[in-house]
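Numbering (the UniProt record's numbering), first residue to last: 1 to 437. Here's the structure we're looking at; comments come further down.
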């Protein structure tokens with residue numbers, strides 16, 4: 001790699017070099033103030049460049065350091081008198097680091113000045129300087145990063161590099177960043193939750209608030225490949241998903257096993273599949289919208305399952321699903337056929353004021369605890385054939401639009417509260433039917 005000769009650059013070209021090097025080193029949100037070049041437009045307020053540098057806490061939390069940088073393109077050594085502007089700006093603005101990027105070197109008096117400033121002022125920020133030989137070394141290192149990052153760097157450096165690339169304007173670079181994140185999870189199990197956390201963050205926020213279709217597919221495929229024991233990649237266990245507010249397209253988590261999931265306010269486009277997913281703890285879908293078919297066939301919810309105020313705009317199937325804790329569909333709206341055939345509710349099944357605009361199919365459903373259907377609107381057929389209820393069954397203030405097939409088994413201690421206009425007819429021990437008056 002040919003290294004630049006700084007003496008051949010003018011002041012603006014050296015600042016351009018500094019900006020490019022910072023980008024290569026992983027700095028983000030780089031703002032070149034373009035001031036104070038040979039007295040022209042001297043409005044940089046004591047620094048040429050502002051930038052953020054990502055850091056990672058031991059628990060995986062990402063935070064950013066704020067850096068003020070001054071570019072010193074001098075033919076001779078930089079003297080002590082040329083340091084005051086940046087030091088003053090750093091002190092006044094509460095930054096984390098003040099950096100001098102010097103084409104040549106600092107004079108001894110300048111270095112003594114910085115040492116004295118640290119002793120006398122004990123500033124809250126760190127003071128650094130990179131001289132010409134440091135800049136060359138950093139440039140050489142940054143040139144090799146792309147080829148060696150995946151195999152030679154630590155998980156932390158690869159993780160940070162991936163986060164940096166996720167902010168790139170080019171979608172292909174962002175897709176590569178997601179693949180780099182995936183490699184961190186594959187090689188370092190203790191980083192898998194952090195990796196999934198960043199993948200989820202990208203699915204929620206994208207780049208500058210937008211996400212393109214190609215990188216969305218890459219991000220979703222990471223979930224598909226690693227959250228199921230039968231997926232294409234290594235199985236990553238004990239994962240929590242934080243996808244509130246995300247727009248997910250043709251999401252397929254068939255066979256996945258996760259600890260918990262937050263899909264609050266999600267928009268699901270295309271065919272969405274949660275077949276045979278096992279949620280070890282809570283699964284929250286409140287206020288989500290399913291624009292097309294969604295399939296929860298055989299899903300197992302070990303913790304609470306919340307679908308309050310969800311909008312199901314096409315077919316929705318929960319056939320043979322099992323809810324081990326409370327299942328709450330209050331105020332949800334099913335615009336097409338809703339299927340709960342063979343579904344088991346080990347705890348309360350709550351459908352307060354739920355709307356079923358097409359057929360609501362609950363044949364062979366088994367509710368071990370209270371079944372609350374108060375205020376439900378069944379605007380088409382409601383089928384509860386051979387349903388079994390072990391406790392309270394409440395259909396108070398329901399609306400039934402067409403017909404209700406309610407051949408049921410009642411093992412509970414209480415009689416069901418039936419929809420207006422319906423009465424219970426018994427035919428044999430614990431057998432019953434509900435018919436319209």
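All C-beta atoms, glycine included, are put in the ideal place defined by N, C-alpha and C. These figures come from a predicted structure and were not determined experimentally.
Discussion item. Please classify residue 174 as buried or exposed, where buried requires at least 16 other C-beta atoms within 10 Å of its C-beta.
Written reply: That one is buried.
Discussion item. Suppose you measure from the CA of residue 396 to the CA of residue 375; what does that come to, to the nearest Å?
Written reply: 6 Å
Worksheet item: In terms of residue numbering, what span does the beta strand (DSSP E) encompassing residue 28 cover?
Response: 28-32
Fill in: Straight-line gap, residue 254 to residue 215 (C-alpha atoms, nearest Å)
21 Å
Item to complete: Would you check if the region 156-174 and the region 123-141 touch, i.e. whether three or more CB-CB distances between them fall below 8 Å?
Response: no
Worksheet item: I think residue 318 touches residue 344, with their Cβ atoms under 8 Å apart; what is that distance to the nearest whole Å?
Response: 10 Å between Cβ atoms; not a contact.
Worksheet item: If residue 14 and residue 142 are in contact, beta carbons under 8 Å, what's the gap, nearest whole angstrom?
Response: About 17 Å separates the beta carbons of residue 14 and residue 142, which is beyond the 8 Å limit, so they are not a contact pair.
Discussion item. If you measure between the beta carbons of residue 287 and residue 265, is that distance less than 9 Å?
Written reply: yes
Worksheet item: Among residues of its own chain, excluding the 5 on either side of residue 127, which ones have a beta-carbon nearer than 6 Å to its beta-carbon?
Response: If we look at residue 127 and ignore the five residues flanking it on each side, its Cβ neighbours are 98 and 114.
Worksheet item: What is the residue span of the alpha helix (DSSP H) that residue 87 lies within?
Response: 84-93
Item to complete: Compute the Euclidean distance between the alpha carbons of residue 300 and residue 367, then round it to the nearest angstrom.
Response: 15 Å
Worksheet item: In chain order, what residues of the same chain have a beta carbon less than 8 Å from the beta carbon of residue 31, not counting five sequence neighbours either side?
Response: 49, 50 and 51
Discussion item. Using C-beta distances below 6 Å, list every residue in its chain close to residue 177, excluding the 5 sequence neighbours before and after it, in chain order.
Written reply: 162, 165 and 166
Item to complete: Just grab the DSSP bridge partners of residue 241 for me.
Response: 261
Worksheet item: So, helix, strand or coil for residue 67, using DSSP?
Response: strand
Fill in: Residue range of the unbroken alpha helix (DSSP H) whose run includes residue 251
No alpha helix (DSSP H) contains residue 251, which DSSP labels as neither H nor E.
Practice prompt. With DSSP as the reference, label residue 109 as helix, strand or coil.
Written response: helix
Worksheet entry | residue 189 (DSSP reduced to helix, strand or coil) | The answer is helix: DSSP assigns residue 189 an H, G or I state.
Worksheet item: Is DSSP giving residue 76 helix, strand or coil here?
Response: coil
Worksheet entry | Extent of the continuous alpha helix (DSSP H) run through residue 218 | 213-226
Fill in: Through-space distance from residue 316 to residue 267, alpha-carbon basis
Between residue 267 and residue 316, the C-alpha separation is close to 15 Å.
Item to complete: Taking 9 Å as the cut-off, decide whether the C-beta atoms of residue 297 and residue 314 are in contact.
Response: no
Worksheet item: On the three-state DSSP scale, how would you describe residue 394?
Response: strand
Worksheet item: Nearest CA to the CA of residue 304: which residue from 289, 388, 89 and 325?
Response: Considering only alpha carbons, the answer is 325.
Discussion item. Going by beta-carbon coordinates alone, are residue 251 and residue 196 separated by less than 9 Å?
Written reply: no
Practice prompt. Report, in whole angstroms, the separation of the C-beta atoms of residue 57 and residue 63, which I expect to be a contact under 8 Å.
Written response: 7 Å
Practice prompt. Take every Cβ of the region 78-94, pair it with every Cβ of the region 15-23, and state whether three or more of those distances are shorter than 8 Å.
Written response: no
Worksheet item: Looking only at DSSP bridge pairs, what is residue 129 linked to?
Response: 100
Worksheet item: Taking Cβ positions only, does residue 162 come closer than 9 Å to chain B?
Response: No chain B is part of this structure, which consists of one protein chain only.
Discussion item. What does DSSP give as the partner residue(s) for residue 344 in the beta ladder?
Written reply: 322 and 366
Worksheet item: Roughly how many whole angstroms lie between the Cα atoms of residue 228 and residue 111?
Response: 57 Å
Item to complete: Note the first and the last residue of the continuous alpha helix (DSSP H) segment covering residue 23.
Response: 11-24
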